[in-house]
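S.K.: Provided herewith is a single structure, encoded as structure tokens, for subsequent inquiry.
Numbering (the working numbering), first residue to last: 1 to 265.
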């Protein structure tokens, strides 16, 4: 990065009240680790990732087999996966544009994105497999694709909502481990005795998204209540609060320590 690009990057981080690229690099702070363990949002981040990577891990391993069970040839399965990839990319682009244009919509979009996952997986599992329904089941499979937004937007909340370098590092590491565990578990819920439709595993994936919806609702509710409580406790103007929040962020304060910090929703 050029010097100017580094300045821009540092300014962006400071705006988020989480310090700059050198903040907190001088040592590991164990109290921030302990703070993670009592912060519900630490677990919400991990659970959101775990519950969404179980289905993605399963589809990575068995998605083509499930598509073939609808009645398509191997070549048709490959060709029909192209629209599914396009839906994924389009969902990401649209979500990126929306969240860039309007603030505090990430958790709303994450919650909405779980609904196609629930509907799509249950549709694939419960619609009877026969020649006349193969396109319907393929359509249900395509409906699942926007659910990719839930884990990806969840990951973006870590740098936005977790100030304190040690706390952010622990949260990121925990979330990464949950992603790995979810991907491994995803391939295990599809049993060979259920081939080729793997109906129990597909239903399990739908249930994962249903539980994830509840996690996201609890996550957003927690953050909203924290923001409201902090607003009522202070008599500062927004400019004064933001300035003090930036100064506290440069001191490597966590969100619990910095009363001027406001959570991104």
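Beta carbons: idealized from backbone N, C-alpha and C, even for Gly.
For residue 123, which option in 190, 204, 99, 154 has the closest C-alpha, if you only look at C-alpha atoms?
M.R.: Residue 123 has its Cα closest to that of 204, out of 190, 204, 99, 154.
S.K.: Below 8 Å, how does it come out for the stretch 43 to 56 and the stretch 173 to 183: are there three or more Cβ pairs, yes or no?
M.R.: Touching, yes, given that three or more Cβ pairs across the two stretches are closer than 8 Å.
S.K.: Among 71, 63, 100, 106, which one has its Cα closest to the Cα of residue 269?
M.R.: The question about residue 269 has no answer here: the residues shown for the chain are numbered 1 through 265.
S.K.: Could you tell me which of 52, 28, 36 sits nearest to residue 209, measuring between CA atoms?
M.R.: Cα-wise, what sits closest to residue 209 is 52.
S.K.: Take residue 106 and list the residues in its own chain whose beta-carbon comes closer than 6 Å to its own, dropping the five residues that flank it on each side.
M.R.: Excluding residues within five positions, the ones whose Cβ falls inside 6 Å are 99, 153.
S.K.: Could you say which of 149, 137, 135 lies nearest to residue 90 if we only look at CA atoms?
M.R.: When only C-alpha atoms are compared, the closest one is 149.
S.K.: With C-beta atoms as the reference, is residue 114 less than 7 Å away from residue 212?
M.R.: Against a cut-off of 7 Å, the Cβ pair of residue 212 and residue 114 comes out as a contact.
S.K.: Tell me the DSSP secondary structure of residue 94 in three-state form.
M.R.: In the structure shown, residue 94 sits in a helix (DSSP, three-state: H, G or I).
S.K.: Please tell me whether residue 267 and residue 78 are closer than 7 Å, where the distance is taken between their beta carbons.
M.R.: Outside the shown range of the chain (1 to 265) lies residue 267, about which nothing can therefore be said.
S.K.: Any idea what DSSP makes of residue 154, helix, strand or coil?
M.R.: Residue 154: helix per DSSP, three-state reduction.
S.K.: Roughly how many whole angstroms lie between the Cα atoms of residue 31 and residue 258?
M.R.: When rounded, the distance between both Cα atoms is 15 Å.
S.K.: Do the stretch 57 to 75 and the stretch 189 to 197 touch if we need at least three Cβ pairs shorter than 8 Å?
M.R.: Enough Cβ pairs lie closer than 8 Å, so yes.
S.K.: Can you tell me whether residue 233 is buried or exposed? The criterion is at least 16 other CB atoms within 10 Å of its CB, across all chains shown.
M.R.: Exposed, because fewer than 16 other Cβ atoms sit within 10 Å of the Cβ of residue 233.
S.K.: Is the beta carbon of residue 182 less than 7 Å from the beta carbon of residue 147?
M.R.: In this structure, residue 147 does not lie closer than 7 Å to residue 182 by Cβ.
S.K.: Less than 8 Å between C-beta atoms, sequence neighbours within five positions excluded: which residues of the same chain meet that for residue 179?
M.R.: Around residue 179: 49, 50, 53, 151.
S.K.: Please classify residue 103 as buried or exposed, where buried requires at least 16 other C-beta atoms within 10 Å of its C-beta.
M.R.: Exposed: under 16 other Cβ atoms inside 10 Å.
S.K.: Kindly indicate which residue of 202, 159, 167, 166 has the alpha-carbon position closest to the one of residue 264.
M.R.: Taking only the C-alpha atoms, the option nearest residue 264 is 159.
S.K.: Nearest to residue 256 by alpha carbon, out of 27, 28, 34?
M.R.: Ranking 27, 28, 34 by Cα distance to residue 256 puts 34 first.
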